[in-house]
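Peer 1: All residue numbers for the sequence shown refer to this note's numbering, where the first residue is 1 and numbers rise by one. By construction, the Cβ of each residue, glycine as well, lies at the ideal position given by its N, Cα and C atoms. Let me begin by handing over the structure; questions about it come next.
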Amino acid sequence: MPYEQGMQIVFDLVSRTTVVCFRDTIEMFGPFKDRWEAIHAGEQYCRNHGWIDTISEAIPVPET
Numbered sequence: 001m002p003y004e005q006g007m008q009i010v011f012d013l014v015s016r017t018t019v020v021c022f023r024d025t026i027e028m029f030g031p032f033k034d035r036w037e038a039i040h041a042g043e044q045y046c047r048n049h050g051w052i053d054t055i056s057e058a059i060p061v062p063e064t
């Protein structure tokens, strides 16, 4: 998935949180039940703040 330059989403397995670095802001979210959920939430945060994800519809969402 093409992230913007400087955009990072990091999942911490111990605390089960994710840290999102996007356009000069750093946010922490969680806890999450797994890595996929955490990364998805981080990407959604970036979408809500202006990131244009051109391929998100092409990735299937696993059933829980």
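1) Using a 10 Å radius around the Cβ and a threshold of 16 neighbouring Cβ atoms, would you call Gly6 buried or exposed?
2) Could you have a look at Glu43 and say whether DSSP puts it in helix, strand or coil?
3) Evaluate Gly50 with the Cβ neighbour count: other Cβ atoms within 10 Å of its Cβ, from every protein chain shown; 16 or more gives buried, anything less gives exposed.
4) Do Phe22 and Ala41 have their C-beta atoms within less than 7 Å of each other?
5) CB-CB under 6 Å to Pro31, same chain, minus the five flanking residues each way: which ones, in chain order?
Peer 2: This is what the structure gives:
1) Translated into the one-based positions of the sequence shown, residue 6 becomes position 6. Burial call: exposed.
2) Translated into the one-based positions of the sequence shown, residue 43 becomes position 43. Reduced to three states, the DSSP call for Glu43 is helix.
3) Residue 50 sits at position 50 when you count from the first residue of the sequence shown. Burial call: exposed.
4) Counting from one through the sequence shown, the residue named residue 22 turns up at place 22. Counting from one through the sequence shown, the residue named residue 41 turns up at place 41. Contact: no.
5) The sequence position of residue 31 within the sequence shown is 31, counting from 1. Excluding sequence neighbours, Pro31 sits near Arg16 and Thr17.
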